[in-house]
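Here's the structure, in structure tokens; my notes come after.
There are 2 protein chains.
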Amino acid sequence: MALPNPDPCAGDVLGAYLRAQATAFLRGLRLHEESGADAAESTEAARVLRGAARRIRSSLVTFRPVTETAWADGLRTELAWLSATLSDEHAYAARLNRLLDALHRLSGAPGVPAPRGAARSALTVGSARAAALLDRQLSLARTRAHSATLQALGSARFHAVADAVAVLASEVPLDRIAAAGRTDDVLVPLAAQAADRLAEAAGALPLVRAAHPYNAEALVDDEQQDAPWHRVRSLLHVHRYAQEALAADVTRLTAAGEALDRHRDAAEAAAASAAAARTPRIAPATAYALGVLHADQRHEVEAARYAFQRIWQRAGEPTGAGAGTTAAAGAGA
Amino acid sequence: MALPNPDPCAGDVLGAYLRAQATAFLRGLRLHEESGADAAESTEAARVLRGAARRIRSSLVTFRPVTETAWADGLRTELAWLSATLSDEHAYAARLNRLLDALHRLSGAPGVPAPRGAARSALTVGSARAAALLDRQLSLARTRAHSATLQALGSARFHAVADAVAVLASEVPLDRIAAAGRTDDVLVPLAAQAADRLAEAAGALPLVRAAHPYNAEALVDDEQQDAPWHRVRSLLHVHRYAQEALAADVTRLTAAGEALDRHRDAAEAAAASAAAARTPRIAPATAYALGVLHADQRHEVEAARYAFQRIWQRAGEPTGAGAGTTAAAGAGA
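Quick note, the sequences are listed as chains A and B, same order.
If you use the working numbering, the first sequence closes out at 333, no skipped numbers anywhere.
If you use the working numbering, the second sequence closes out at 1333, no skipped numbers anywhere.
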């Protein structure tokens, strides 16, 4: 049994991670080509593609000095374009599911004996119409996004991205000198910078408030209030992928990221509900159901902040430069 | 310095409590007569009257065997009538305040820089109209309740109640034999029965669920779901007044009762919002704001359950027969 190299160089570690992600990307692409009309397979293919594209792009940003920078900067721009295109369709579909599930929950599941609450009936009347309205609006948006995805995947621009990723799968263009350095000297400090940016942004969040359940702060929806949380979500994902590259344990980061994903999804679902309520000539019962739904999703936003704060504070301290040290230990294991 | 009697008889303890409450009742009545057109004084007078009436009635129920029962049963029926009459006006006023405060909070306070959330504008449009609608509906109900209160307070029936309470203020009609017993032997077991009824009802509540913040259980409003909580609220007040009579510490019971008061108020406010949404020919924006408001108040219901559960579980165990023992110690102090 060969023991793993206890002190691999930066190029080996980053190269192995990028090659693995590039391979995943190509697998997703093959899956997509083979999926044909199978919606489930096509969804899974898009999920794999999105995940790999995000990880490659994030690594090219965090570990930029270790790569051949001109090449890395170009690929990362193209991956950003691809990610944005791929995520739209998924986002609309997920938003519609989230809203329909919430309406279903709020108006009571069928099969369950109907309760006699006074408000229930008002909600039952409106929720079916609200569901139909949201379905119409979001399905239309999703269909448009689907066409845009198909068009993108057939474009010369995409083929160039796929070619670049294929190169990455076999040989990662690295900066020779930086790549020859020790992981601890090269990758760990770069990952620590990502951790620091995250720690700073997370430290500015109103976490004390969020730790107080039912603070009702998120119920007033307000893009300005949400923005810092969305920013922490992005930084958290970047930090997580950097730690993944260093083979560190990302369990807590994944859970924290999921809470902030839920935060963003609920905020966007609430906005979609508010937007639907501005449709001209809707019935009052429909508007009422959309109001309930909007508040329900803002409640989810608040719940997600609470969940994030629980995960984040549990570690005792923000994930700062110290995390880099832990990650280095993880990378050596 | 005379030390307090370390072992007072049941009649002394119950008599002192009932006399104090009867005196408070008469003070409230005098305050009401003097208040004239002063709304603040009249409100305060009604508050004092309600509080004293509730305590007298509750004590006559819990400690019934220690009283002259025929007299006690008659007075308690009349106090129930009076309490119901007095509480209506207060309830409508409080409900309107609660709903207007919530609308104000949800649509953003004036003076605060207007956030740019997409849903905000939809809510601002509707919330002013929703506020006007609720104001109209609940003010009408309150005015009717006010007339009913004035009519009740001028009635022969009320004068008979006031006379009975005046008797109580000087001499409490007690059962001679029971009243001569030791507090520990007579009052404490009766108070323990009230505690047991409460512990049983509270034990049947879904407290584990309520301990999970943001469980979203209360968002679906449902009278059947609320009913057990309302019942615990009533039993809690009865238990608390019994402990008050025994001069026990009721800090925790008061806090728990306040949480359940909030639970009931929010549930009724949510129902009022849903009822307003059924007004014919309202604008969609109004209905939307009422939907948001309804969900907000159901969120408050859930928050109140969480708060109650925190207070209730903090003691480590339900307030059962053991509380009677503590209370006895308290009464002797």
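A virtual CB, placed ideally from N, CA and C, is assigned to each residue, including glycine.
CB contact below 9 Å: residue i versus chain B
i, result
"Gly108(A)", "yes"
"Arg105(A)", "yes"
"Pro115(A)", "Low local confidence applies: a pLDDT of 45 at Pro115(A) is under 50, so the model's placement there is unreliable, with the coordinate-based value given in what follows. True, the Cβ-Cβ gap to chain B drops below 9 Å."
"His294(A)", "yes"
"Ile311(A)", "no"
"Leu187(A)", "no"
"Ala40(A)", "no"
"Glu302(A)", "yes"
"Thr124(A)", "no"
"Val161(A)", "no"
"Ala141(A)", "no"
"Leu96(A)", "no"
Distance, residue j Cα to residue i Cα
i, j, result
"Arg231(A)", "Tyr241(A)", "16 Å"
"Ala1045(B)", "Asp1012(B)", "28 Å"
"Ser155(A)", "Leu138(A)", "25 Å"
"Ala1037(B)", "Val1165(B)", "25 Å"
"Thr1023(B)", "Ala1160(B)", "16 Å"
"Val301(A)", "Gln1225(B)", "25 Å"
"Ala162(A)", "His299(A)", "41 Å"
"Glu1041(B)", "Ala1211(B)", "40 Å"
"Leu1253(B)", "Ala1275(B)", "33 Å"
"Ala72(A)", "Asp135(A)", "40 Å"
"Tyr1306(B)", "Arg1233(B)", "14 Å"
"Phe308(A)", "Glu171(A)", "38 Å"
"Val66(A)", "Arg281(A)", "58 Å"
"Arg55(A)", "Ala152(A)", "20 Å"
"Ala1201(B)", "Gly1257(B)", "14 Å"
"Leu1082(B)", "His1032(B)", "14 Å"
"His1090(B)", "Ala1080(B)", "16 Å"
"Arg1076(B)", "Leu1174(B)", "14 Å"
"Leu168(A)", "Leu26(A)", "10 Å"
"Ala131(A)", "Glu1034(B)", "57 Å"
"Arg47(A)", "Leu1198(B)", "53 Å"
Cβ separation of residue i and residue j, assumed to be a contact under 8 Å, to the nearest whole Å
i, j, result
"Leu388(A)", "Thr279(A)", "Only positions 1 to 333 of chain A appear in this structure, which leaves residue 388(A) out of reach."
"Ala1304(B)", "Arg1262(B)", "4 Å"
"Asp185(A)", "Ala148(A)", "Contact flag wrong, Cβ pair sits at about 44 Å."
"Asp1265(B)", "Arg1095(B)", "7 Å"
"Tyr1092(B)", "Gly291(A)", "Contact doesn't hold; Cβ gap of about 23 Å is too wide."
"Val1220(B)", "Gly108(A)", "6 Å"
"Ser127(A)", "His237(A)", "Ser127(A) to His237(A), Cβ: 34 Å. No contact."
"Ala1010(B)", "Gly1181(B)", "5 Å"
"Pro1213(B)", "Pro189(A)", "Between Pro189(A) and Pro1213(B) the Cβ distance is about 39 Å, and since that is not below 8 Å, they are no contact."
Chain A contact for residue i (CB, 9 Å cutoff)
i, result
"Ile1177(B)", "no"
"Ala1024(B)", "no"
"Pro1213(B)", "yes"
"Tyr1092(B)", "no"
"His1299(B)", "yes"
"Thr1286(B)", "yes"
"Arg1314(B)", "no"
"Ile1056(B)", "no"
"Val1220(B)", "yes"
"Ala1274(B)", "yes"
"Ala1118(B)", "Because Ala1118(B) sits at a pLDDT of 48, beneath the cut-off of 50, its placement in the model cannot be relied upon, and the point is left open."
"Gly1291(B)", "yes"
"Ala1266(B)", "no"
"Ala1283(B)", "yes"
"Ala1277(B)", "yes"
heavy atom of the ligand ADP below 8 Å from residue i C-beta
i, result
"Glu1300(B)", "No copy of the ligand ADP appears in this structure; indeed no ligand is present at all."
Residue i burial status per 10 Å Cβ neighbour count (16 or more: buried)
i, result
"Pro1284(B)", "buried"
"Ala1053(B)", "buried"
"Arg1142(B)", "buried"
"Leu1150(B)", "exposed"
"Asp1296(B)", "buried"
"Leu1140(B)", "exposed"
"His1104(B)", "exposed"
"Glu1078(B)", "buried"
"Thr1251(B)", "exposed"
"Asp1007(B)", "exposed"
"Ala277(A)", "buried"
"Thr69(A)", "exposed"
"Ala1227(B)", "exposed"
Three or more C-beta pairs below 8 Å linking the region 1098-1110 of chain B and the region 1254-1271 of chain B = yes
Is the region 1046-1063 of chain B touching the region 1187-1207 of chain B in the sense that three or more CB pairs, one from each, lie closer than 8 Å?
-> yes
Contact the region 195-214 of chain A vs the region 305-315 of chain A: 3+ CB pairs below 8 Å = Note that the region 195-214 of chain A touches the region 305-315 of chain A; at least 3 beta-carbon pairs, one per stretch, sit closer than 8 Å.
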